[in-house]
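Colleague:
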Amino acid sequence: MHEMILFTGTVLMGFFAIMNPIANTPIFMGITADIADRKQKNIIAFKSTLFAFIIVAAFTILGQLIFKMFGITLPAFQITGGILLFFIGYDLLQGKSSSFHHPSDHLREELQEKAADSDTASSIALTPLAIPILAGPGTIATAMNFVGMKTSLGHVEHLAVVIVAFALMCLVTFVMFISANRIVDFLGKHIINVISRIMGLLLAVIATQMVISGIKNAIAMY
2 MHEMILFTGT
12 VLMGFFAIMN
22 PIANTPIFMG
32 ITADIADRKQ
42 KNIIAFKSTL
52 FAFIIVAAFT
62 ILGQLIFKMF
72 GITLPAFQIT
82 GGILLFFIGY
92 DLLQGKSSSF
102 HHPSDHLREE
112 LQEKAADSDT
122 ASSIALTPLA
132 IPILAGPGTI
142 ATAMNFVGMK
152 TSLGHVEHLA
162 VVIVAFALMC
172 LVTFVMFISA
182 NRIVDFLGKH
192 IINVISRIMG
202 LLLAVIATQM
212 VISGIKNAIA
222 MY
């Protein structure tokens, strides 16, 4: 029971750090700035988190099949995923917007123009909100690495914890998206930047642990 609680806490912290809903809230506000209809914004928020959940859940469940299909070993994925997450965490720690999560200024301007058109607004929920902001390479790598972690828990328990934890993070993100204006006004950009840097440090530490685990598993295999 203790290990289940510890593993669940680690997964929740990992997803919170990589998704960073607090820092992504201003991004959502910027992309949907030209949408006057609050109901339309709420629909985009819901669809983006739903799409993100479906994408990550699919990779989490089908991870082993994907590994076999492409001849990928778990240690290789752990090491690569850890390196990828480390650079994302390093960017956040330096106060930069990771290119894995945040669209460029030019792309954001184009998305704002599209958002003004109700016919294309829903497509924004899939790109770039669901991919790559919420369910980018780092998030997918995090989910698959957590499933492959060595604990006394079984594979089914790992899957259940990871999927439920990510569903919870999607719910938190949805609530923050629909409350975006109040959250940004309450916290302020300075506090959001501080939280992003803390999340960056946490993410870099988790990434380092993934690389260490990958190296250990690789040595054990060969």
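The numbering of the sequence shown is our numbering, which starts it at 2 and goes up by one.
For every residue, glycine included, the Cβ atom is placed at its ideal position computed from N, Cα and C.
What you are looking at is a predicted structure, and each value in this text was computed from that prediction instead of being measured.
1. Helix, strand or coil: which one does DSSP assign to Ser214?
2. Tell me whether the stretch 13-30 and the stretch 202-213 touch, counting them as touching only if at least three CB pairs, one residue from each stretch, are closer than 8 Å.
3. Which same chain residues end up closer than 7 Å to Ala53 when comparing Cβ atoms and leaving out the 5 residues on each side of it in sequence?
4. Using the C-alpha atoms, what's the distance from Ile44 back to Val185?
5. Got a sec, what are the start and stop residues for the alpha helix (DSSP H) Gln41 sits in?
6. Tell me whether the beta-carbon of Ile23 lies closer than 8 Å to the beta-carbon of Ile207.
7. Can the beta-carbon of Met211 be found closer than 8 Å to that of Gly82?
8. Ala151 by DSSP, collapsed to three states: which one?
9. Can you give me the C-alpha to C-alpha distance between Ser124 and Ile164, rounded to a whole angstrom?
10. Which value, in whole angstroms, describes the spacing of the CA atoms of Ile89 and Thr209?
11. Out of curiosity, what's the CA-to-CA distance linking Phe147 and Leu94?
12. Roughly how far, in whole angstroms, is the beta-carbon of Leu154 from the beta-carbon of Met5, given that I think they are within contact range, below 8 Å?
13. If Thr50 sits next to Ala181, beta carbons under 8 Å apart, how far is it from one beta carbon to the other, in whole angstroms?
14. Taking the alpha-carbon positions, what's the Ala116 to Leu169 distance?
15. Among Leu75, Leu66, Phe175, whose alpha-carbon lies nearest the alpha-carbon of Gly215?
16. In chain order, what residues of the same chain lie with their CB nearer than 7 Å to the CB of Val57, ignoring the 5 residues before and after it?
17. Is it true that the CB of Phe47 sits closer than 8 Å to the CB of Val162?
18. State the CB to CB distance for the pair Leu160 and Thr61, rounded to an integer number of angstroms; the pair is presumed to be in contact (CB under 8 Å).
19. Would the beta-carbon of Phe175 fall within 8 Å of that of Phe29?
Modeller: The short version:
1. In the sequence shown, the residue the question calls residue 214 occupies position 213. In the three-state scheme derived from DSSP, where H, G and I count as helix and E and B as strand, Ser214 is classed as helix.
2. Yes, since at least three Cβ pairs between the stretch 13-30 and the stretch 202-213 fall closer than 8 Å, the two stretches touch.
3. For this step, residue 53 is matched to residue 52 along the sequence shown. Once the five neighbours on either side are set aside, the close Cβ partners of Ala53 are Ala131, Leu135, Ala136, Cys171.
4. Within the sequence shown, residue 185 is the residue found at index 184, counting from 1. Within the sequence shown, residue 44 is the residue found at index 43, counting from 1. Roughly 20 Å between the two C-alpha positions.
5. Along the sequence shown, read from residue 1 onward, the residue named residue 41 stands at position 40. In the DSSP assignment, Gln41 falls within the alpha helix (DSSP H) that extends over 39-62.
6. In the sequence shown, residue 23 corresponds to position 22, counting from 1. In the sequence shown, residue 207 corresponds to position 206, counting from 1. Going by C-beta atoms, Ile23 is not nearer than 8 Å to Ile207.
7. Counting from one through the sequence shown, the residue named residue 211 turns up at place 210. Counting from one through the sequence shown, the residue named residue 82 turns up at place 81. In this structure, Met211 sits near Gly82, with a CB-CB distance shorter than 8 Å.
8. Counted from its first residue, the sequence shown places residue 151 at position 150. Looking at the sequence shown, residue 151 is not Ala but Lys. Note: Lys151 maps to coil in three-state DSSP.
9. In the sequence shown, the residue the question calls residue 124 occupies position 123. In the sequence shown, the residue the question calls residue 164 occupies position 163. Each residue's alpha carbon lies about 25 Å from the other.
10. Position 88 of the sequence shown, counted from the start, is the residue given in the question as residue 89. Position 208 of the sequence shown, counted from the start, is the residue given in the question as residue 209. So the alpha carbons of these two residues sit roughly 12 Å apart.
11. Here residue 147 is taken as the residue at index 146 of the sequence shown, counted from 1. Here residue 94 is taken as the residue at index 93 of the sequence shown, counted from 1. Per the coordinates, the alpha-carbon of Phe147 lies some 22 Å from the alpha-carbon of Leu94.
12. Looking up residue 154 in the sequence shown gives position 153. Looking up residue 5 in the sequence shown gives position 4. The beta-carbon distance between Leu154 and Met5, rounded to whole angstroms, is 6 Å. This is short enough to meet the 8 Å contact definition.
13. On the sequence shown, residue 50 is found 49 positions in, with the first residue counted as 1. On the sequence shown, residue 181 is found 180 positions in, with the first residue counted as 1. The beta carbons of Thr50 and Ala181 sit about 13 Å from each other, so the pair does not count as a contact at 8 Å.
14. For this step, residue 116 is matched to residue 115 along the sequence shown. For this step, residue 169 is matched to residue 168 along the sequence shown. Confidence at Ala116 is low in this model, with a pLDDT of 49, below 50, so the placement of that residue should be treated as unreliable; the coordinate-derived value is given next. Whole-angstrom Cα-Cα distance: 27 Å.
15. Here residue 215 corresponds to residue number 214 of the sequence shown, with the count starting at 1. Of the listed residues, the one whose Cα sits closest to Gly215 is Leu75.
16. The residue you call residue 57 lines up with position 56 of the sequence shown. Closer than 7 Å at Cβ, skipping near neighbours: Ala136, Thr140, Ile141, Ala144, Phe167.
17. For the purposes of this step, residue 162 is taken as the residue at position 161 of the sequence shown. For the purposes of this step, residue 47 is taken as the residue at position 46 of the sequence shown. Contact annotation: Val162 and Phe47 have beta-carbon atoms that are not nearer than 8 Å.
18. Within the sequence shown, residue 160 is the residue found at index 159, counting from 1. Within the sequence shown, residue 61 is the residue found at index 60, counting from 1. The Cβ separation is near 6 Å, so the contact holds.
19. Along the sequence shown, read from residue 1 onward, the residue named residue 175 stands at position 174. Along the sequence shown, read from residue 1 onward, the residue named residue 29 stands at position 28. Contact flag unset, no.
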